[in-house]
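Peer 1: So in UniProt numbering, the last spot in the first sequence is 218, and the numbers never skip.
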Amino acid sequence: MNRILTETYPDAHCELNFGTPFQLLVATVLSAQTTDKRVNLTTPALFAKYPTPEDLAAADPEDVEALLKPTGFFRAKTKSVMGLSAALVERFGGEVPGRLNDLVTLPGVGRKTANVVLGNAFDVPGITVDTHFGRLVRRFAWTDETDPDKVERAIGELFPRKDWTMLSHRLIWHGRRICHARRPACGACPLAALCPAFGEGPTDPETAEALVKPGPFS
DNA sequence: ATCCCGAGGG
DNA sequence: CCCTCTGGAT
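Right under this line is the structure:
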């Protein structure tokens, strides 16, 4: 299945826009329970006004809340991004640390966010267990764990370190495009023949026709 | 109504 | 383990 994912999504990548590791960190915190498209509509104004941890730590919280409103959870996210900015200035010399154990000490930063930053700003392999990743690895029966930390460990044992970041991107892309939470587009899925969850539950009607005409080799 | 590249708190 | 934070798209 991994080979097909690799062929289907050879160029899968992080779709958040950023100019610095700090901006990627902030954008990733903002991406919780929001589409990255909406984050990308929000961050330009934020980064224009507050490009560095020093700027954001010294900002007026009400102004930041107003800027972050469209991303949802705007009070909690303001607290997180201003808090992590202050922590970066106080404890890390204003630089984003390149180690997981340091990143997760920042307010609002869990393992998922930390691994996004490691994988996309530091070239350090990281498994990012978000809602898509967890759903897909369970559908694929790669693990039956539901706790994100346990999923991360289980998948980490199945794949070599160097593949962790791209595997994360590919599963997330596949989850967004085909293997949706509610009505997966099984009829359009290149993994259909190999997928243990194929045909389970309702399928996207737009692709259902393909299920009846599976192709030349069935 | 349900989902979106979650994290912190109880 | 649960709950809450929150707005926009479908």
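A virtual CB, placed ideally from N, CA and C, is assigned to each residue, including glycine.
Assuming Ala87 and Pro21 make a contact with CB atoms under 8 Å, what is their CB distance in whole Å?
Peer 2: Taking the first sequence and counting its residues from 1, the one referred to as residue 87 is at position 87. Taking the first sequence and counting its residues from 1, the one referred to as residue 21 is at position 21. In fact, because the Cβ distance is near 14 Å, the residues do not count as touching under 8 Å.
Peer 1: I'd like the list of long-range same chain contacts for Pro196, defined as Cβ closer than 6 Å, with 5 residues on each side in sequence excluded.
Peer 2: As a position in the first sequence, residue 196 is number 196, starting the count at 1. Once the five neighbours on either side are set aside, the close Cβ partners of Pro196 are Ala141.
Peer 1: Determine the direct distance from the alpha carbon of Phe159 to that of Lys213, and round the result to whole angstroms.
Peer 2: Taking the first residue of the first sequence as position 1, residue 213 is located at position 213. Taking the first residue of the first sequence as position 1, residue 159 is located at position 159. Model confidence at Lys213 stands at a pLDDT of 41, short of 50, so the residue's coordinates are unreliable; what they give is reported in the following sentence. Going by the C-alpha atoms only, they are around 34 Å apart.
Peer 1: In terms of alpha-carbon separation, which member of Asp147, Ala48 and Thr6 lies closest to Gln23?
Peer 2: Working through the first sequence from its first residue, we reach residue 23 at position 23. For the residues Asp147, Ala48 and Thr6, the minimum Cα distance to Gln23 belongs to Ala48.
Peer 1: According to DSSP, simplified to helix, strand and coil, what is Phe133?
Peer 2: The sequence position of residue 133 within the first sequence is 133, counting from 1. It is helical.
Peer 1: In the DSSP assignment, the alpha helix (DSSP H) including Lys79 goes from what residue to what residue?
Peer 2: What you label residue 79 is simply residue 79 of the first sequence in a count that begins at 1. Note, Lys79: alpha helix (DSSP H), Phe74 to Arg91.
Peer 1: Using 10 angstroms around the beta-carbon of Lys37, count the other beta-carbons present and answer buried if the total reaches 16, otherwise exposed.
Peer 2: Along the first sequence, one-based indexing puts residue 37 at 37. Label assigned to Lys37: exposed.
Peer 1: Could you check the C-alpha separation between Ala57 and Glu65 for me, to the nearest Å?
Peer 2: Start at 1 with the first residue of the first sequence, and residue 57 comes out as number 57. Start at 1 with the first residue of the first sequence, and residue 65 comes out as number 65. Answer to the nearest angstrom: the Cα atoms are 13 Å apart.
Peer 1: Return the residue from the list Leu16, Thr34 and Met82 that minimises the CA-CA distance to Asp55.
Peer 2: Sequence index remark: in the first sequence, residue 55 carries index 55 (1-based). Per the Cα distances, Met82.
Peer 1: Are Thr203 and Cys186 closer than 8 Å when you measure CB to CB?
Peer 2: Counting from one through the first sequence, the residue named residue 203 turns up at place 203. Counting from one through the first sequence, the residue named residue 186 turns up at place 186. Against a cut-off of 8 Å, the Cβ pair of Cys186 and Thr203 comes out as a contact.
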